[in-house]
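Take a look at the structure set out below.
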Amino acid sequence: MIRNFECFAVQAEEAEQGMERLYEKHGEEIMNGYAVCHGEPDYHHILIGNGYTAVTEFNQMHLGVQMEDLYYFLRKIMEKHDWNERLGRQIMETYERVLPITELERQVLYYLFWYPEKYWKQINFYYNANKAWVPAKSTEKIKKLEAQQKMREKFIRFFS
Numbered sequence: 001m002i003r004n005f006e007c008f009a010v011q012a013e014e015a016e017q018g019m020e021r022l023y024e025k026h027g028e029e030i031m032n033g034y035a036v037c038h039g040e041p042d043y044h045h046i047l048i049g050n051g052y053t054a055v056t057e058f059n060q061m062h063l064g065v066q067m068e069d070l071y072y073f074l075r076k077i078m079e080k081h082d083w084n085e086r087l088g089r090q091i092m093e094t095y096e097r098v099l100p101i102t103e104l105e106r107q108v109l110y111y112l113f114w115y116p117e118k119y120w121k122q123i124n125f126y127y128n129a130n131k132a133w134v135p136a137k138s139t140e141k142i143k144k145l146e147a148q149q150k151m152r153e154k155f156i157r158f159f160s
């Protein structure tokens with residue numbers, strides 16, 4: 001269950017330290033750019049109809065860095081498509097045709113992606129479940145994360 005703990009722990013530390021450095025250097029600029037964020041902008045919450053688009057479920061809405069929403073949306077898609085780098089680049093190119101991102105925003109995205117959020121979510125779920133054995137579903141999810149790790153890292157380099 002925690003075979004690759006060290007690898008993911010290093011990524012978490014590097015992501016945290018990198019984000020701290022960004023805030024130390026660009027904190028005021030980042031905070032001046034705070035906007036209303038949806039919080040969970042995945043495909044479940046975006047409705048596309050005949051001539052309209054609607055967004056639903058604002059339960060996680062907050063004031064924050066707009067890149068959080070792009071990160072969340074893109075991470076969900078990339079996980080479902082085994083971190084297909086071509087798909088990720090196409091999504092980013094399409095996004096940037098409408099709203100170009102700055103170098104600072106690109107760095108924020110890099111550190112958001114570098115943090116192994118899905119891994120920590122799974123480990124935390126297992127730890128807090130207080131079960132005598134590891135549920136098969138948890139083991140499957142961790143194994144999938146481990147199998148996707150190389151493709152995930154390759155995609156993340158796109159932002160560095």
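Each step along the sequence shown adds one to the number in our numbering, with nothing skipped, and position 102 is 102.
We put the beta carbon where it would ideally sit given N, CA and C, even for glycine.
Because the structure is a prediction, the values reported are computed rather than measured.
- Note on geometry: alpha-carbon atoms of E57 and Y34 lie some 20 Å from one another.
- When DSSP states are grouped into helix, strand and coil, A129 belongs to the helix group.
- H38 is classed as buried because its beta carbon has at least 16 other beta carbons within 10 Å across all chains shown.
- In the displayed model, G49 falls within a strand according to three-state DSSP.
- Nearest in C-alpha terms to G88, of all of Y23, R157, A54 and G64, is R157.
- Note on geometry: alpha-carbon atoms of L70 and H44 lie some 15 Å from one another.
- According to the DSSP assignment, L63 belongs to the beta strand (DSSP E) that extends over H62 to G64.
- The Cβ neighbour count for I48, taken over all protein chains shown within 10 Å, is under 16; the residue is labelled exposed.
- A straight line joining the alpha-carbon of Y111 with that of W133 spans about 33 Å.
- In this structure Q107 is buried. Its beta-carbon is surrounded by 16 or more other beta-carbon atoms within 10 angstroms.
- For the options F5, R86 and A12, the alpha carbon positioned closest to that of W114 is the one of A12.
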